[in-house]
Amino acid sequence: MNDVAKEKLNQATQYLDEYGIDMWLIFSSEGNDPAVSLLTGLKTVGRTFFILTREGKKYAVCTIIDAQESEDSGLFHEVIKYQGDPSKCLYELIDRLSPEKIAINYSIDDNLCDGLTLGRYRYLLNILGEKYSKRLVSSEPMLQRVRSIKSNAEIETIKKAIEITQEIFEEVFSQLRPGITEYQVGEMFIDGMSKRGVTLASTKDLSMPIVMKERIAHRAPGNAVLQEGDFLIMDFGIDYQGYCSDISRTVYFLKEGEADAPERFKEIFAAAHGAITEAFNTVKPGIKGYEVDVSARNYLLSKGMPEITHATGHQIGQFEHDGGTLFAPRWERYGSSPYGIVEKGMVFTLEPTILNDEGDYSVLCEEDILVTENGAEFLSKRQNELILIGKK
């Protein structure tokens, strides 16, 4: 994890220079700001201030209780310890560095860039005083890129998370049969995670993923019993060493005498598969997120399918939904995220869901991709056809 932190801190320094920011001031306690985990891999208890400068200098201002971990990390040029109130030593450090522009972690649109609480913001203003409080700007453009553009070490960890996720899916597929409940399928995923020492990506604990044969929504598995002729959607990702996967699969339970899924179901699946292909072929550095969404959305509409009710894809990283640019429509609820630029090193999901009314089939196939220099590559092994349960 220390190697990843060094990569991310160096990346941050690069963006400070690019955006003309003299100092990045991150204020956290009890781990409330997710940027701390991303940039340092450290856990803070007391009021802690991490300072990065345009020249590449890195400082930690922390309690004597927290100082040892910061010192041992080897990440900082200077660790300043305090007892009681940190106001004096923090101000003295800032005044010594004399920055003209100071970035802090607040954002209107991106919750992962909004780690500075209102209370801590007001506390910080009192420390900075009139001289420096007028020099504050949002770190959002830099922080989004630091979070979004993955280092080589981050990509390798995400690949391992995806590999484990697919292993667990295969175990679950082998156990599926008519007569079991959604909840029992959820227990299979719990067992798979427990055996491998990983947790659910969305909750960071041993929780059940989304498993549903009906009432398609973000919900926990219920007591619905799986029968021949049913379809089942499973939306599952893990947290492995602080990084996430996010994959969904759709299966069909064959009826007695059936050798394949109904033609209508195969038609719907083919449309979803084609929409993923359209989106994948659109992805390349330099385009905007909504352009990828448009390609998948229009493809499904051309096939007579209902419009996607959500974004075509989101980023994954330390969180299952990792903020920043989205493959989303230009709807008000998505704010500025659909207008973000796609860059090499970003990792996205592709999930153009087909959600039909009860009595018809719905399909969710979610894949994970990496943006490359000229396009993209699949990190997950694609689901190219319906998974049939009961086939000999």
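-15 is the number of the first residue of the sequence shown in my numbering; add one for each residue after it.
Here a beta-carbon is modelled for each residue, glycine too, at the ideal position from N, C-alpha and C.
Measuring alpha carbon to alpha carbon, tell me which of the options ends up nearest residue i.
i	options	result
glycine 258	Glu39, Arg106 and Glu350	Glu350
isoleucine 217	Gln225, Pro205, Gly226 and Thr37	Pro205
alanine 360	Lys328, Asp6 and Ile338	Lys328
lysine 119	Pro125, Thr101 and Ile88	Sequence inspection shows arginine at residue 119; the lysine mentioned does not correspond to that position. Closest by alpha carbon: Ile88.
leucine 26	Leu160, Asp56 and Leu9	Asp56
phenylalanine 215	Phe153, Glu166, Tyr283 and Gly181	Glu166
glutamate 304	Asp223, Asp(-13) and Gly343	Asp223
leucine 238	Ile78, Glu155 and Leu370	Leu370
threonine 37	Asn(-6), Pro322, Thr141 and Ile64	Asn(-6)
methionine 172	Glu53, Ser186, Thr187 and Ile194	Ile194
lysine 115	Ser82, Ser135 and Arg106	Ser82
glutamate 140	Cys73, Ile111 and Gly226	Gly226
lysine 134	Gln302, Gly30 and Lys144	Gln302
alanine 243	Lys65, Ile373 and Ser13	Ile373
arginine 390	Gln52, Asn340, Ser321 and Ser13	For residue 390 there is no data in the structure shown, the boundaries of the chain being -15 and 376.
serine 286	Met192, Ile252, Gln52 and Leu310	Ile252
glycine 387	Glu124, Asp79, Lys144 and Ala145	The structure shown has nothing for residue 387, since the chain only spans -15 to 376.
aspartate 352	Glu342, Glu84 and Ser364	Ser364
glutamate 84	Gln159, Ser117, Arg203 and Gln211	Ser117
glycine 213	Ala245, Gln150 and Arg199	Ala245
glutamine 367	Ala254, Leu59, Asp69 and Thr(-3)	Ala254
isoleucine 148	Cys228, Ala51, Thr32 and Leu109	Cys228
histidine 61	Thr293, Asp69 and Glu39	Glu39
isoleucine 152	Asn265, Glu316 and Arg233	Arg233
glutamate 240	Gly343, Gln211 and Gln168	Gln211
serine 123	Asp344, Tyr3 and Ser346	Tyr3
By the 10 Å Cβ neighbour count, where 16 or more other Cβ atoms means buried, how is residue i classified, buried or exposed?
i	result
leucine 190	exposed
glycine 273	buried
serine 279	buried
arginine 161	exposed
glutamate 138	buried
lysine 377	Residue 377 is absent from the model: the chain starts at -15 and stops at 376.
glycine 163	exposed
glutamate 76	exposed
histidine 298	buried
arginine 281	buried
glycine 307	buried
isoleucine 86	buried
aspartate 1	exposed
isoleucine 48	exposed
lysine 375	exposed
isoleucine 35	buried
lysine 197	buried
lysine 188	exposed
isoleucine 10	buried
aspartate 19	What sits at residue 19 in the sequence shown is alanine, not aspartate. Under this definition alanine 19 is a buried residue.
serine 186	buried
isoleucine 92	exposed
glycine 324	buried
glycine 221	buried
arginine 106	exposed
tryptophan 8	buried
glutamate 14	exposed
threonine 293	exposed
leucine 109	exposed
State the CB to CB distance for the pair residue i and residue j, rounded to an integer number of angstroms; the pair is presumed to be in contact (CB under 8 Å).
i	j	result
threonine 296	alanine 263	6 Å
isoleucine 300	aspartate 219	The Cβ separation is near 13 Å, so there is no contact.
leucine 354	glutamate 335	16 Å between Cβ atoms; not a contact.
threonine 24	alanine -11	5 Å
alanine 128	cysteine 97	The question names alanine, yet the displayed sequence has glutamine at residue 128. Indeed they touch by this definition, with Cβ atoms about 6 Å apart.
valine 63	serine 71	The pair is not a contact, with the Cβ atoms about 18 Å apart (cut-off 8 Å).
glycine 99	asparagine 16	7 Å
valine 182	valine 267	With a Cβ gap of about 28 Å, valine 182 and valine 267 do not count as contacting.
glutamate 155	glycine 176	5 Å
glycine 74	valine 121	It is worth fixing the name first, because residue 74 is leucine in this sequence and not glycine. Actually they are not in contact, since the Cβ atoms of leucine 74 and valine 121 sit about 18 Å apart, beyond 8 Å.
valine -8	leucine 22	Strictly speaking, residue -8 in this sequence is lysine, with valine absent from that position. Yes, they are in contact, since the Cβ atoms of lysine -8 and leucine 22 sit about 6 Å apart, within 8 Å.
isoleucine 260	proline 290	Incorrect: roughly 16 Å between the Cβ atoms, too far for contact.
isoleucine 142	valine 331	6 Å
serine 132	threonine 309	7 Å
isoleucine 5	methionine 192	Isoleucine 5 to methionine 192, Cβ: 43 Å. No contact.
alanine 312	serine 320	In fact, because the Cβ distance is near 10 Å, the residues do not count as touching under 8 Å.
valine 130	tyrosine -1	6 Å
What are the residues that DSSP puts in a beta bridge with residue i?
i	result
isoleucine 35	Leu9 and Tyr43
aspartate 223	Thr183 and Cys228
serine 122	Ile88
tyrosine 274	BP columns for tyrosine 274 are empty, so no partner.
isoleucine 433	Lying outside -15 to 376, the shown extent of the chain, residue 433 is not represented and no answer is given.
phenylalanine 215	Tyr236
valine 209	Thr165
Does the ligand ADP have even one heavy atom less than 7 Å from the beta-carbon of residue i?
i	result
alanine -4	The ligand content of the structure shown is nil, which means the ligand ADP is not present either.
So within the region 147 to 201, which uninterrupted beta strand (DSSP E) runs reach at least 3 residues, ignoring any that extend past its ends? 194 to 196
4 or more residues per run - each alpha helix (DSSP H) lying fully within the region 292 to 366: Whole alpha helix (DSSP H) segments, 4+ residues: zero.
Please give the ranges of any alpha helix (DSSP H) in the region 51 to 104, keeping only runs that are unbroken, at least 4 residues long and fully inside the region. 71 to 81
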